[in-house]
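Visitor:
There are 2 protein chains.
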Amino acid sequence: MGEMAVNRVLERLQQANCKMTPQRMAVLQVLEENQGRHLTAEQIFLMVKHRMPLIGMATVYRTLELFAGLGVLNKASFDEARFRYEFGEEDRHRHHHLMCVECGEIAELEEDLLHSLERQVEESGFQVLDHALVIYGRCARCRGLA
Amino acid sequence: MGEMAVNRVLERLQQANCKMTPQRMAVLQVLEENQGRHLTAEQIFLMVKHRMPLIGMATVYRTLELFAGLGVLNKASFDEARFRYEFGEEDRHRHHHLMCVECGEIAELEEDLLHSLERQVEESGFQVLDHALVIYGRCARCRGLA
DNA sequence: AGAGATAATGAGAATCATTATCGCTGACTG
DNA sequence: CAGTCAGCGATAATGATTCTCATTATCTCT
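Here is the structure:
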C-alpha cells in the first residue's frame, strides 16, 4: 500500500533532477500514513525523528518545501501563526476544511458547491486559479455528540 | 465621518474596562481610513507612526490584539507567514476574499452562497461558527484587463 | 491641586516558526 | 580512484509576533 503515492513522488523527483534519499523517504512515509490530516512541520518532524533519530529539522523543512514545489503536498495556513501540510493523492486544488475551534482538528470536506460563485467571480474579470474554504466551529466530539 | 465606527469602539472599550488613548485612537483612525483593505501589522505601524512618530511597534500589536478581541477587527492569514487585519463595520462573520497571486491585493466579495453547504455540514454534527472563503487568482489589473 | 493605584506605553529582549549558511559526507562520473 | 555535487545536520539568521520591565499617563479619592 502507498506504492502509488511513492511512485508519483519518485516520478516528480526525477523530473526535477532530485534524488530520493532515506530522509525524504522517511518524510514521505509519515505524510503518507497521515493522509487526510493537516500536520504542522513540528508534528511531522517528531514523527520522522521517531524512525530516524538523527534527522534534522532543516531537512524536514527542506523536504516539505521540495514536496510542495513538486505539487504532491499542499502548504496552507489556517489563521494560525504557522503552516500546515497536507499530503494529497491528486492535484486537486479545491480545499474545503472544517476546523474545530476547541481541539484544532482539521477535517476535510469533499464537496464542490462553489462553481456558481466562481462563475460570478470570473465574470468580474478575476481569473480564478484556486480557492480555499474553511469552516470554523465545534466538532461533534468536542460537543459531546460523539 | 467615521463617528459611528469610533463610537462603537469606544462602547466596546468601556464594556471591557479599557480606555481610549491617543495611541489607540491613532490606530483606529488608520484602520478606519483603510476600511475594506487587509493590512499587515507593519503597514498599520508605518501609517500610524506617520502621525504619531513616537509610537512603538508593541503598542500597535497590543492595540490590534485588543481590537480583535473586542470584535471590531478581524485578524486572518492568507497563506502567508503573517497576519492581516481588516477593520469591520459590523459583526459580520462571513468573509469572502479574492486574493491576487501576482500583486497580493485582497478584495472582498459580499456574497453569501454557502448556506446549503453549511446546512450539510451541520447535519454531520459539526456546529458552524464562522467560515472563510478565499479565492486565489489574478485580478483584472494584473491580467491587463483594467 | 495632590497622592496613590492602576492601566498603558516604549524600548528592547525573547520567542516561535521558518529560512539561509556552511562545512561535511557519501553517492555517482569519468 | 579522484572529482564533483546534491543532500545533510548543526547552527546562525531572519521575520513576525509576544513578553518584560521600567517609566509615564490617567483616574479616583481627598
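Each protein sequence line maps, in turn, to chains A and B.
The working numbering numbers the first residue of the first sequence as 3 and each following residue consecutively.
The working numbering numbers the first residue of the second sequence as 3 and each following residue consecutively.
We treat Cβ as the ideally placed atom computed from N, Cα and C, and that holds for glycine.
Fair warning: this is a prediction, and the values are worked out from it, not measured in the lab.
Find the nearest neighbour of A/Asn-76 within the set A/Gln-45, A/Glu-67 and A/Glu-82, judged by alpha-carbon distance.
Guide: The option with the nearest alpha carbon to A/Asn-76 is A/Glu-67.
Visitor: Are the C-beta atoms of B/Arg-64 and some chain A residue less than 7 Å apart?
Guide: no
Visitor: Does the Cβ-Cβ distance between B/Met-6 and B/Ala-28 come in under 7 Å?
Guide: Their beta carbons are not under 7 Å apart, which means B/Met-6 does not touch B/Ala-28 by this criterion.
Visitor: Can you tell me which of the three DSSP states A/Leu-147 falls into?
Guide: coil
Visitor: Give a yes or no on whether the C-beta atoms belonging to A/Ile-137 and B/Val-50 are separated by under 7 Å.
Guide: no
Visitor: Is B/Val-130 close to chain A? Criterion is C-beta to C-beta, closer than 7 Å.
Guide: yes
Visitor: Tell me, to the nearest whole angstrom, how far the beta carbon of B/Ala-78 is from that of A/Asp-81; I am working on the premise that it is less than 8 Å.
Guide: Confirmed, about 5 Å.
Visitor: Take B/Glu-88 and list the residues in its own chain whose beta-carbon comes closer than 6 Å to its own, dropping the five residues that flank it on each side.
Guide: The beta carbon of B/Glu-88 is closer than 6 Å to those of His-40 and Asn-76 in its chain, skipping five residues each way along the sequence.
Visitor: Per DSSP, what kind of secondary structure is B/Arg-39 in: helix, strand or coil?
Guide: coil
Visitor: Kindly indicate if chain B contains any beta-carbon less than 7 Å away from that of A/Arg-140.
Guide: yes
Visitor: Sort B/Gly-127, B/Arg-140, B/Val-130 and B/Phe-128 by Cα distance to A/Gly-133 and report the nearest one.
Guide: The sequence given here places His at residue 133 of chain A; Gly does not occur at that position. Restricting attention to B/Gly-127, B/Arg-140, B/Val-130 and B/Phe-128, the CA atom closest to the CA of A/His-133 is found in B/Arg-140.
Visitor: Quick one: which chain B residues come within Cβ less than 9 Å of A/His-133?
Guide: Leu-135, Val-136, Ile-137, Tyr-138 and Gly-139
Visitor: Considering just the uninterrupted stretch of the alpha helix (DSSP H) at B/Leu-131, what are its terminal residues?
Guide: No alpha helix (DSSP H) contains B/Leu-131, which is instead part of the beta strand (DSSP E) from 129 to 140.
Visitor: According to a CB-to-CB cut-off of less than 9 Å, which residues of the segment 67 to 89 of chain A neighbour chain B?
Guide: Lys-77, Ala-78, Ser-79, Phe-80, Asp-81, Glu-82, Ala-83, Arg-84 and Phe-85
Visitor: Where are the alpha helix (DSSP H) runs, 4 residues long or more, that stay fully inside the segment 5 to 72 of chain A, in chain order?
Guide: DSSP runs (the alpha helix (DSSP H)) wholly in the segment 5 to 72 of chain A: 5 to 17, 24 to 35, 43 to 53 and 59 to 72.
Visitor: Please classify B/Thr-23 as buried or exposed, where buried requires at least 16 other C-beta atoms within 10 Å of its C-beta.
Guide: Result: exposed.
Visitor: Give me, in chain order, the residues of the same chain whose beta-carbon lies closer than 7 Å to that of A/Glu-92; leave out the 5 immediate sequence neighbours on both sides.
Guide: Bear in mind that a pLDDT of 47 at A/Glu-92, under 50, signals an unreliable position, so the model cannot answer this.
Visitor: Pick helix, strand or coil for A/Glu-125, following the three-state DSSP scheme.
Guide: helix
Visitor: At a CB distance below 8 Å, what residues from the segment 20 to 48 of chain A approach chain B? Give them in sequence order.
Guide: Within the segment 20 to 48 of chain A, no residue has a Cβ lying closer than 8 Å to any Cβ of chain B.
Visitor: In angstroms, rounded to a whole number, what distance separates the CA positions of B/Met-59 and A/Arg-84?
Guide: Between B/Met-59 and A/Arg-84, the C-alpha separation is close to 21 Å.
Visitor: From A/Leu-162 to A/Asn-36, what distance separates their C-alpha atoms?
Guide: Chain A is shown from 3 up to 148; residue 162 of chain A falls before or after that span and cannot be answered.
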